[in-house]
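Residue numbering for the sequence shown follows this note's numbering, beginning at 288 and increasing consecutively. Virtual Cβ for every residue (Gly too), placed ideally from N, Cα, C.
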Amino acid sequence: MILEIVKYPDPFLKSEAVKVDSVDDSVRKLIDDMVETMYYARGIGLASLQVRDPRRVVVLDVPDEDEKEREKGKNLMALVNPEIVYSEGETIYEEGCLSLPGVTADVERAAKVRVKALDRDGKQIEIEAEGLLAIALQHELDHLNGILFIDRLSRLKRELVKRKYKKSLETEERAI
Ligand code: NI
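Structural data, given as C-alpha cells:
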C-alpha cells in the first residue's frame with residue numbers, strides 16, 4: 288500500500304520514534320508499505336516518521352555508484368531499531384528529502400559508519416557503509432530522532448533553504 292508522505296513543517300517529523308519490541312507481521316507490513324512508498328516517490332531511503340508511523344524502521348535502496356539506470360531492489364534493505372555504533376571521517380553531499388520536496392543543501396556527515404539493526408526477520412545485523420549509503424543511513428537514522436537535514440545546516444543556510452521551500456510550496460498551490 289502506498290502511504291502518504293508527511294511534509295515539513297508537520298510537527299510529527301519532529302517527534303522521536305519508539306523502539307520496536309518484536310519484529311512481527313505488523314512491522315513487516317509497515318516495511319513492505321514503506322518500500323512501495325519509497326519507490327513510488329522515487330526516493331533512495333525512507334523513515335517511518337515520514338509515513339506517520341512512530342516505530343523505529345527505515346528502508347533504503349541506494350544505487351551503486353556505477354549504476355547508470357536504477358535497478359530497483361538491488362540494494363534494498365529494511366532496518367528495525369537501527370543504531371550507529373561507529374563513525375569515521377567527514378564528507379559533504381548535497382542532500383534532499385522526500386519530506387521537503389524541491390530543496391537541497393550541502394550537509395556535512397561522517398564518511399563511514401557501522402550500523403547495528405534488526406532485519407525483517409528480527410535477526411541482528413551489522414552494516415559497514417561508506418559513500419552515498421553511509422550518507423543515506425545517517426539521513427534516515429536522523430529522521431527517527433526527529434532531525435531533518437536542514438537541522439544540520441548553519442542557521443543562516445537553514446533560513447535560506449526554509450524560505451526557498453516555502454516559496455516552492457506557494458508555487459505548487461497556484462499550479463493548475
Ligand atoms: Ni529525508
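Counting along the chain, Ser-313 sits inside the alpha helix (DSSP H) bounded by residues 312-327.
In the DSSP assignment, Tyr-452 falls within the alpha helix (DSSP H) that extends over 442-461. The DSSP-derived three-state label of Leu-347 is strand.
When DSSP states are grouped into helix, strand and coil, Pro-388 belongs to the coil group. Excluding sequence positions up to five before and after Asp-340, its CB lies within less than 7 angstroms of the CB of Leu-317, all in the same chain and listed in chain order. For Ile-414, no alpha helix (DSSP H) segment is defined; the enclosing uninterrupted segment is the beta strand (DSSP E) at 411-417. In this structure Gln-337 is buried. Its beta-carbon is surrounded by 16 or more other beta-carbon atoms within 10 angstroms. Taking 9 angstroms as the cut-off, the beta carbon of Glu-370 is found closer than this to the beta carbon of Ala-404. Looking at the DSSP output, Ile-422 sits in no beta bridge, so it has no partner there. Shown here, Glu-427 sits in a helix according to DSSP, grouped into three states.
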